[in-house]
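K.L.:
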Amino acid sequence: MLSLCHCSIDDWFAQKLSSCCPTLDDLDLMSCAIHITMFSSTKLKSLTITSTQTEKDFPIEFQYFVIDMPNLVSLRLEEIPRRNIHLVDVSSVKMASIYLFSLSFGNSQVQCSILGALSNATSLTLVSASVYEEVVPKVLQHDILRCETFSKLKGLHLGEWFLSRGCYPLICLLRLTWHRKTYPAT
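Add 420 to a position in the sequence shown, counting from 1, and you land on the number used in the working numbering.
1. To the nearest angstrom, how far is it from the Cα of residue 586 to the Cα of residue 597?
2. Contact check, residue 484 vs residue 504 under 8 Å by CB: the rounded distance?
3. Considering Cα atoms alone, identify which of 493, 431 and 507 is closest to residue 515.
4. Skipping 5 residues on each side, what residues in its chain have a beta carbon closer than 7 Å to that of residue 530?
5. Check each candidate in 497, 465, 578 and 510 and name the one with the smallest Cα separation from residue 446.
6. So, at 6 Å on beta carbons, what are the nonlocal neighbours of residue 537 in its own chain, with the 5 sequence-adjacent residues on each side left out?
7. Measure the CB-CB distance between residue 468 and residue 444 and report whether it falls below 8 Å.
8. By how many angstroms is the C-alpha of residue 460 removed from the C-alpha of residue 540?
9. Would you list the residues sitting across from residue 533 in a DSSP beta bridge?
10. When the Cα of residue 545 is compared with those of 424, 563, 498 and 528, which residue comes out closest?
Here it is as structure tokens:
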């Protein structure tokens with residue numbers, strides 16, 4: 421396990437980490453300035469990123485933040501500013517916790533890939549700062565429409581914004597987790 425605190429994490433660091441630490445399977449980046457655009461690893465099993473709250477450490481502009489980790493089992497992302505998150509191959513993730521806020525996306529038209537990539541999760545936590553948040557619900561509503569069924573989901577913890585807009589986000593997500601058993605005709 422490697423835990424780093426109050427560091428600046430960029431693409432160079434992410435590339436070197438993967439190549440220089442081939443046995444690293446648990447990475448915890450606490451209160452770090454996240455300047456990564458691509459984070460790829462075939463070895464990591466657990467990734468936790470909590471971003472800095474210091475505005476001077478925020479990236480200057482919005483960019484994509486791609487996470488491509490096919491063997492990742494646990495993912496926790498918390499308040500990563502100015503990074504439009506794209507989860508590419510995270511098909512092994514069983515537990516995911518994602519906290520988004522107003523600076524998570526550049527605008528409400530941003531295309532992200534969060535929910536659709538987590539369809540194999542057994543436990544999912546998805547929260548936002550407030551029900552009054554405007555950008556996050558709109559971005560995730562677009563993402564929900566591209567989702568597959570969450571066939572393995574056993575635990576679901578959602579923030580209050582899922583109740584906004586007539587509970588539309590909640591209803592969409594519940595439809596994706598609803599399992600109908602087929603019974604033989606009698």
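Cβ atoms here follow ideal geometry from the backbone N, Cα and C, with glycine treated the same way.
Because the structure is a prediction, the values reported are computed rather than measured.
P.N.:
Looking at the atomic coordinates:
1. Here residue 586 refers to the residue found at position 166 when the sequence shown is read from its first residue. Here residue 597 refers to the residue found at position 177 when the sequence shown is read from its first residue. Taken atom to atom, the span from the alpha-carbon of residue 586 to that of residue 597 is near 19 Å.
2. Position 64 of the sequence shown, counted from the first residue, corresponds to residue 484. Position 84 of the sequence shown, counted from the first residue, corresponds to residue 504. Between residue 504 and residue 484 the Cβ distance is about 5 Å, and since that is below 8 Å, they are a contact.
3. To locate residue 515, count along the sequence shown from 1; it is residue 95. Selected option, being the one with the closest Cα: 493.
4. Here residue 530 is taken as the residue at index 110 of the sequence shown, counted from 1. Contacts found: 504 and 559.
5. Mapped onto the sequence shown, residue 446 falls at position 26. Taking the Cα of residue 446 as reference, the smallest distance to any Cα among 497, 465, 578 and 510 is reached at 465.
6. Residue mapping note: residue 537 aligns to position 117 of the sequence shown, counting from 1. Around residue 537: 507 and 510.
7. Mapped onto the sequence shown, residue 468 falls at position 48. Mapped onto the sequence shown, residue 444 falls at position 24. Cβ atoms of residue 468 and residue 444: not closer than 8 Å.
8. Indexing the sequence shown from 1 puts residue 540 at position 120. Indexing the sequence shown from 1 puts residue 460 at position 40. Looking at the two C-alpha atoms, the distance is approximately 19 Å.
9. Sequence index remark: in the sequence shown, residue 533 carries index 113 (1-based). Answer is 506, bridged to residue 533.
10. Stepping through the sequence shown from its first residue, residue 545 is reached at position 125. Minimum Cα distance to residue 545 is reached at 498.
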